[in-house]
Structures are given as C-alpha cells and as structure tokens.
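Keeping their order, the protein sequence lines are chains X and Z.
Numbering follows this note's numbering, with no gaps: position 1 of the first sequence is 1.
Just add 309 to the spot in the second sequence (first one is 1) and you have this note's numbering.
There are 2 protein chains.
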Amino acid sequence: MLLRVIPLGTSAGRPTLLRGASALAVAAERGWVLCDCGEGAQLSAQRAGLSLSRLDAVLVTHLHGDHFNGLPGLLGTMSLDGRERPLLVAGPAGIGGLLEALARAGSLGVSFPLALVELSGEGGAVRWPDGLDSPFELRAGPLAHRVPTFGYRVALPDRPGHLDAEAAIAAGVPAGPLLRVLKEEGRITLEGGRVITSEGLVGPAQRGLSVAYTLDTVPCPGAVALGRGADLLVHEATYEHARAALARQRSHSTGVEAAQVAAEAGAGQLLLTHFSPSVDAEAVADEARAVHGRIIAAQDGVPVDLTRS
Amino acid sequence: MLLRVIPLGTSAGRPTLLRGASALAVAAERGWVLCDCGEGAQLSAQRAGLSLSRLDAVLVTHLHGDHFNGLPGLLGTMSLDGRERPLLVAGPAGIGGLLEALARAGSLGVSFPLALVELSGEGGAVRWPDGLDSPFELRAGPLAHRVPTFGYRVALPDRPGHLDAEAAIAAGVPAGPLLRVLKEEGRITLEGGRVITSEGLVGPAQRGLSVAYTLDTVPCPGAVALGRGADLLVHEATYEHARAALARQRSHSTGVEAAQVAAEAGAGQLLLTHFSPSVDAEAVADEARAVHGRIIAAQDGVPVDLTRS
C-alpha cells in the first residue's frame, strides 16, 4: 500500500448518523493530508487510526459550513496536544480572515505556526512552508460552485526509473555514487569531461500515485484538469441522475456526471462522495458505472488503497 | 418525568471518542433547550432522540471553541430542515458578531429568525421572542472564567397550589370559571364587590422544576446564585481535587469545589461534567460525595430525569 484514501465524512450539506460532513484523508506512510474539514472530522480521523501529529495539511475546497466547520476544533485539539510543527492550511481567499475572526472572538487559539495559503484565480502549485517535511506534492485548481471553490491534486513525487547498473558500468560509469547521480539526474560528466546520459541505462520514470479531490462542483474543465491521469478521482455525486436539473441548479453533480468527468480525465478509479441524505449512494454509483468502469461509492471510514501495478 | 436532562458532551477542551465537547439538553414535554453547543452536538442530540424542530433555545456560556464550535453546523442543519420558527440564541457579547463573520464568509446561512440575546454585566432574565412559545423560564448570570462567561437557570414556571373547591364554594365562590381565577390569581371580586382571597382555599404554589448550568468557572458566587434551590445543578468538574491549583490557574473547578457550590446553593442534586480527558470522572464524583450527598458524574447520552416529589 502506497497511498491510503480514507473517506471521513461523505454526506452533503449536513452530517447524519451514517455519514459525516465532508472530509477525506489521503495518507502515505510518513504523513497525511485532510481534504475538507466538516464537523466531526477530528473524531472520524482518530476513529480511522490517523494521528493528528502526522497531519501535514488541511485543504479546504470552499467555506460552506459542511466543509469548514470542523477546522476550528481540529486546530484547537492539535494546540492542546502541544503541536509545534507547522500546519499548512489552504483554502479560498477569505479563509484567513474567517480564522482571524474566530481567534478575535476567543473561539480559536492556535499555538503552532499556521502556514495559510489563500487561493484565487487559477490556483496552482501549493508550496510547503519551511520546517514542514511532507511526502506530498500539492496543486490546487478552480472548480465551479456557488462560491469560490478549489479542488486539489495530492500526489507522491515521481520516482526515477530502474537503473541497469551493469550496463552503466560497462558504459564507463565508475561503480559507486555516480551511479545514483546518473539515475536521479539523467546525466553525469566524468573526470576527463566525457558525458554519459541515462539513455538506454535508466528505464522510464515511475509516476507518483495521485489523488484528485473535486467537490463541490458542477462537472467542469477544472475538475477534468485536476483529475487528468490521476490514479483516483474523488468527485462529488450529490444526486442521482434523475435529478440532474436540481443538481445543476444547486451547483452540484450527479454520479453519472462525475463518471463523465473521470472518463474525460482518464482517471484510473472514481470515488463518489458528498451524497445527499436523500439518495441511495450505491444506486448513484450503479448508474454511473455505465460511463466509467471502476467506481466506488465512498463510505465513512472504509479505506481505498492505491498501489502502483 | 417532568424534566429530562441529557448530557450530550461531557469532555473539557476537546471532544474525545468517549465524551463529546460541551453540550447538554434540558427537555420538557413540549420543547427543549441546549446549553452550550460543542462540536458534534447536533448529532448527539439526534442520537438521544431529540428533535431539532422542537429546540427552543441555545444558551452558550462562553465563546471558547469547545462550547461554540457546533453552533454553526446546528443552525445550518436546521435551515436545511426548513425551520421557520424563531430560535433564541443567548451568549456573551460578541456571539452575534462572530455569527455575522461566519455568515459574511459564506460559511453560515440561516433561513429562520434568530433571536440573539447578547449578555453582559449581571445578565438577568432572558426573554423569549415573539412567536416562540416555550415551556421554560430562562435566567442568565455571570460566572468567573478566563473570558466573559454566563451560566443559566432553566426552569418550568411555578404552578398554583391545590384549590379546595368545596371550601371555596362554601366561602361564596360561584361554581364555574371564577374558581380557576381564584386559584391562578389569588383573589376574586364578586359581583356585589365582595373580595375573596385564596388564603385557606388554595395550597402553597408548586415551584417549577429548575436546572442551573454553570460552566466553565471557578467556584464563584454567580454559580451559587444560579444554583440556589435548583433541583439540579450542572457544574463543571474539570479536575480531581489534587489538582485544585491547576484548576484555579486555568479558571476551572474540581469536583469537590463543585460540590461545595452545590451545598452552599442548597441544590437538590449535582451533575458533574466537563471532565478533562486526563481524569477518572467517577473518582472525581466519589471524592465530591463527601461534600454533597447526591452527585452524578455525567455520561454522554445518559439522561437524568427530574420529577417533583
């Protein structure tokens, strides 16, 4: 297992006794990031065995309460835990002011460095602050909802391809550390000035596993761009397709529309979430399977493991 | 059962998997009020079988996150439910501005009338808004914590004493509606001008059941005043008495101190809550029982029923 995706809250609009408000963990061996932080996410994370001390980032799609209301409590609990390590918090412009308003009212006390990234426009790469060593690469991109909303791409870095050490040595690379340089940088210059490139000696790079998280949104080019070639696209599916008009009116998607996005993006798997309490999630997934072959209806606490085949 | 008190969250500072963040319901047959609204209170209320449509008021003691963080989500869910009836929300000055900041950021949308009562100074009676018919009488009074904090008294109204109808008729009251007037108002004037008072005809008034809710606070006169003669005093007991100095430093109480408040107030029963995750709640209650005879350590979801003996 290289990446474990754990839906922590899969309900739309409000938490229910069966599905929490929006939250999803993407976990690697060394750390994890939280996508959205609906009410109760801190407890769902603990229930799933995730350690808050290993949380690297909270990526908030938009400021609607069912995606944000768990954040103040999560930050408070991590402060009580004595966290000192920085935490990255990304979200649409305005998230900083909202956290400040909570702090001014005495509602929020954060005792560790908060690296706030406020998104606008086209988003882009989200950079880690100094002192926060995380295994993930992050990117944000705009979605299409009633309010400014950003989806995220969470990926492990690409890894260099396999080095044929025997062939490299035969080609003149001295046994030793230069082999690694050749593998990682693609070329070396020997003492006499001769250049050896990795061509024919190092296999193709191994793309890092990636997850795209796209809610809340209507089907949109931004979701397709974030999901392009992702191993797993997490897309909202608030309604069954019979209510596509209602979904559009409320700036949401149906499961079928989510599958169309996944198919267009060439995503390996599709994880549907953000189900209206009024839908049957399995039925939403079933009708979407006509469009994309590998679809899972998210359930709170049931992980999806990603490995490189 | 005339009043049912249901602890919905009994942990201090943060929710845990065993105890939610601060919240407690006081329920009568026709409606209920919520004292504090920590994260997760809306789900704990549903789990306890309480209907959000019958919620009359949310009484927030102070704005620390573990007493407030569940409020935006609760209001959001009631809006999605289509509530139209007003809701009373009381809390220390600043609670209105905080809710406005959440609304401005798009995080909170409330679709029903919110009757906000911002408390300062000595508190006092909390009046119901027009259109909100509730069985309770409410009073707020100041506590002593690190930030402005108010406790509450939630009571059913006093009921007139028993009318000895036979004796009243013998004394000249015409059989019929005047008997009820005599009972409820204590005197009637007959057609000829003669006044009959209830003395000797109507027994002593039956005091309405009452609950005082006093957290977070050090032991203080305000808590004693709110708890005076209450059927149940709900008082915080963050630490065991061996850590009284720490409790004082953090503006909290020990169970023993809570029992001293209950004894001084002459409260019938004491319900201890707001336990630090580091204490054994039953042990905190045990050592307090040397000071007050009727003490319960609150457990999430376990109700305490009050009846008039």
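Note that the Cβ used here is the ideal one computed from N, Cα and C, for glycine as well.
Just so we're clear, the structure is a prediction, and the values are computed from it rather than from any experiment.
Spatial neighbours of residue i in its chain, beta-carbon cut-off 8 Å, leaving aside the 5 residues before and after
i: residue 610 of chain Z; result: 315, 316, 317, 353, 356, 357
i: residue 385 of chain Z; result: 417, 418, 419
i: residue 193 of chain X; result: none
i: residue 403 of chain Z; result: 372, 427, 457
i: residue 248 of chain X; result: 218
Short Cβ contact (8 Å threshold) for residue i with residue j
i: residue 405 of chain Z; j: residue 425 of chain Z; result: yes
i: residue 92 of chain X; j: residue 149 of chain X; result: yes
i: residue 63 of chain X; j: residue 141 of chain X; result: no
i: residue 573 of chain Z; j: residue 562 of chain Z; result: no
i: residue 26 of chain X; j: residue 154 of chain X; result: yes
i: residue 606 of chain Z; j: residue 445 of chain Z; result: no
i: residue 477 of chain Z; j: residue 510 of chain Z; result: yes
i: residue 488 of chain Z; j: residue 507 of chain Z; result: no
i: residue 383 of chain Z; j: residue 351 of chain Z; result: yes
i: residue 550 of chain Z; j: residue 531 of chain Z; result: no
i: residue 217 of chain X; j: residue 271 of chain X; result: no
i: residue 38 of chain X; j: residue 66 of chain X; result: yes
i: residue 517 of chain Z; j: residue 468 of chain Z; result: yes
i: residue 112 of chain X; j: residue 86 of chain X; result: yes
i: residue 370 of chain Z; j: residue 460 of chain Z; result: yes
i: residue 363 of chain Z; j: residue 614 of chain Z; result: no
i: residue 40 of chain X; j: residue 349 of chain Z; result: yes
i: residue 12 of chain X; j: residue 275 of chain X; result: yes
i: residue 101 of chain X; j: residue 410 of chain Z; result: yes
i: residue 568 of chain Z; j: residue 601 of chain Z; result: yes
Span separating the alpha-carbon of residue i from that of residue j
i: residue 176 of chain X; j: residue 191 of chain X; result: 14 Å
i: residue 156 of chain X; j: residue 210 of chain X; result: 6 Å
i: residue 522 of chain Z; j: residue 571 of chain Z; result: 11 Å
i: residue 287 of chain X; j: residue 20 of chain X; result: 24 Å
i: residue 493 of chain Z; j: residue 311 of chain Z; result: 21 Å
i: residue 269 of chain X; j: residue 594 of chain Z; result: 53 Å
i: residue 187 of chain X; j: residue 277 of chain X; result: 56 Å
i: residue 591 of chain Z; j: residue 582 of chain Z; result: 11 Å
i: residue 388 of chain Z; j: residue 481 of chain Z; result: 55 Å
i: residue 620 of chain Z; j: residue 14 of chain X; result: Since the first and last residues shown for chain Z are 310 and 618, residue 620 of chain Z lies out of range.
i: residue 279 of chain X; j: residue 378 of chain Z; result: 28 Å
i: residue 455 of chain Z; j: residue 559 of chain Z; result: 8 Å
i: residue 290 of chain X; j: residue 220 of chain X; result: 20 Å
i: residue 215 of chain X; j: residue 257 of chain X; result: 13 Å
i: residue 604 of chain Z; j: residue 617 of chain Z; result: 18 Å
i: residue 162 of chain X; j: residue 121 of chain X; result: 39 Å
i: residue 98 of chain X; j: residue 612 of chain Z; result: 36 Å
i: residue 361 of chain Z; j: residue 205 of chain X; result: 56 Å
Cβ neighbours of residue i in the same chain (closer than 6 Å, five flanking residues each side left out)
i: residue 56 of chain X; result: 31, 33, 134
i: residue 576 of chain Z; result: 536, 539, 542
i: residue 164 of chain X; result: 201
i: residue 58 of chain X; result: 34, 37, 89
i: residue 392 of chain Z; result: 421
Close Cβ partners of residue i (< 7 Å) along its chain, the five nearest in sequence each way excluded
i: residue 555 of chain Z; result: 548
i: residue 189 of chain X; result: 195
i: residue 479 of chain Z; result: none
Runs of 3 residues minimum, wholly inside the region 204 to 263 of chain X: which ones carry the beta strand (DSSP E) assignment? 210 to 214, 232 to 236
For the region 316 to 348 of chain Z, which residues have a beta carbon sitting closer than 9 Å to at least one beta carbon of chain X? 322, 323, 324, 325, 326, 329, 330, 347, 348
Closer than 8 Å, Cβ to any Cβ of chain X: which residues of the region 360 to 381 of chain Z, in chain order? 371, 372, 373, 374, 375, 377, 378, 379, 381
Ignoring anything shorter than 4 residues, give me the alpha helix (DSSP H) runs that lie fully in the region 445 to 491 of chain Z, in order along the chain. 474 to 479
At 4 residues or longer, what runs of the alpha helix (DSSP H) sit wholly inside the region 48 to 72 of chain X? 65 to 68
If contact means a Cβ-Cβ distance below 9 Å, which residues of the region 443 to 465 of chain Z contact chain X? 455, 456, 457
Taking only beta carbons into account, state which residues of the region 241 to 265 of chain X come closer than 9 Å to chain Z, listed in chain order. none
Closer than 8 Å, Cβ to Cβ, to anything on chain Z: give me those residues from the region 273 to 297 of chain X, in chain order. none
What residues in the region 413 to 445 of chain Z bring their beta carbon closer than 7 Å to a beta carbon of chain X? 414, 415, 416, 417
Starting from the N-terminal side, write out each stretch of the alpha helix (DSSP H) that is 4 residues or longer and does not extend beyond the region 322 to 351 of chain Z. none
Going along the region 382 to 397 of chain Z in order, which residues come within less than 8 Å of chain X, judged by CB to CB distance? 382, 385, 386, 389
Short-range partners of chain Z found in the region 199 to 227 of chain X, where Cβ spacing is below 7 Å: none
Which runs of the beta strand (DSSP E) spanning at least 3 residues fall entirely within the region 404 to 443 of chain Z, listed in chain order? 423 to 428, 433 to 435
Complete alpha helix (DSSP H) runs within the region 569 to 612 of chain Z (minimum length 4 residues, chain order): 590 to 597
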